[in-house]
Amino acid sequence: MNSVFFFHFRFSLNLFITFRLEVLNQEFKLKEYSRKIYKFFSMFFLITVILMGVNAAFALQHGNRGIKVVELQKKLHKIGYFDGQITGYYGTLTQNAVSQFQATNGLTVDGIAGYKTLAALGLSEAITTQTSQHTSLLKLGSSGSLVIELQQHLQVMGYYDGLMTGYYDLSTQQAVILFQMDVGLKSDGIVGPLTQAAIESHFNSPPLPTLTSTPSSLPNRGDIR
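Residue numbers for the sequence shown follow the UniProt record's numbering, beginning at 1 and rising by one.
Set out below in structure tokens:
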């Protein structure tokens, strides 16, 4: 009697253990599948944001400044849409000039010099070349104005607290690595197109003004109103 009871008990126990192991195995597979799905959508979202940042890098809009804006203002001035000073600052006068050009040429009137507007102005190739230079690799040992701009961006985001030296030193590299880790990029301390686009998308594209500006770099008062 006892042996029969023990046999049934052992059989039931083995059956329960087998069932429980199967349940745990299915739960593990489900968690692993969910983890893969989450990782996939996270990477998809990150790539989408980065590509948006890359596309935005080719557009000029209110608040931008630099050599690309200078070229735009020169072109608009040459064809009679812009009568302000060539300041390199995309202010209200520049925006209105772009809007007038867009309206005249059947483009979407938004005051933003996107690829179609730049192409209609004959500037798309020049702007694209300048943008490609702007997103060139920055790494340990690099120097120049692009490194200063990078250090400024990193400082505002709270990753860099050093001096604006224009030299890509170890502290700048470490700041870049921390930023890359936070946004899920390869943490190699090198600022390539993806890292640059992620930084620019954080600021919604308008570049920061330099900390040490000169009177010639300031926008003309008439271009701000």
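All C-beta atoms, glycine included, are put in the ideal place defined by N, C-alpha and C.
Check: Simplified DSSP assignment, three categories, for Leu163; Outcome: coil
Check: Counted within 10 angstroms of its Cβ, other Cβ atoms place Glu32 as buried (16 or more) or exposed; Outcome: exposed
Check: Backbone CA spacing between Gly122 and Val98 [nearest angstrom]; Outcome: 13 angstroms
Check: First through last residue of the alpha helix (DSSP H) which encompasses Tyr115; Outcome: 115-121
Check: Stretch-stretch touch, CB-based, cutoff 8 angstroms, three pairs: the region 136-154 with the region 107-119; Outcome: no
Check: Meets three-Cβ-pair contact criterion under 8 angstroms: the region 92-112 and the region 147-163; Outcome: no
Check: Pairwise C-alpha distance: Ile37 and Glu71; Outcome: 46 angstroms
Check: Limits of the unbroken alpha helix (DSSP H) element including Phe179; Outcome: 170-183
Check: Whole-angstrom distance between Thr195 and Asp169, CA atom to CA atom; Outcome: 17 angstroms
Check: Beta-carbon contacts of Ala103 that lie in its chain and below 7 angstroms, excluding the five residues immediately before and after; Outcome: Val109
Check: Which of helix, strand or coil DSSP assigns to Val109; Outcome: coil
Check: Chain-order list of residues whose beta-carbon lies under 6 angstroms from that of Gln133 (same chain, five-residue window excluded); Outcome: Any answer about Gln133 is weak, because its pLDDT of 49 lies below 50 and its placement is not dependable; what the coordinates show is given next. Nothing meets the Cβ criterion.
Check: Ser142 in three-state terms, based on DSSP; Outcome: coil
Check: Leu137, DSSP secondary structure in three states; Outcome: coil
Check: Sequence-distant residues of the same chain with beta carbon closer than 7 angstroms to Gln180, five excluded per side; Outcome: Lys186, Ser187, Thr195
Check: Distance CB(Tyr81)-CB(His62) smaller than 7 angstroms; Outcome: no
Check: Top-ranked residue by Cα proximity to residue 255, from Leu146, Gln173, Tyr167, Gly166; Outcome: The chain is shown from 1 up to 225; residue 255 falls before or after that span and cannot be answered.
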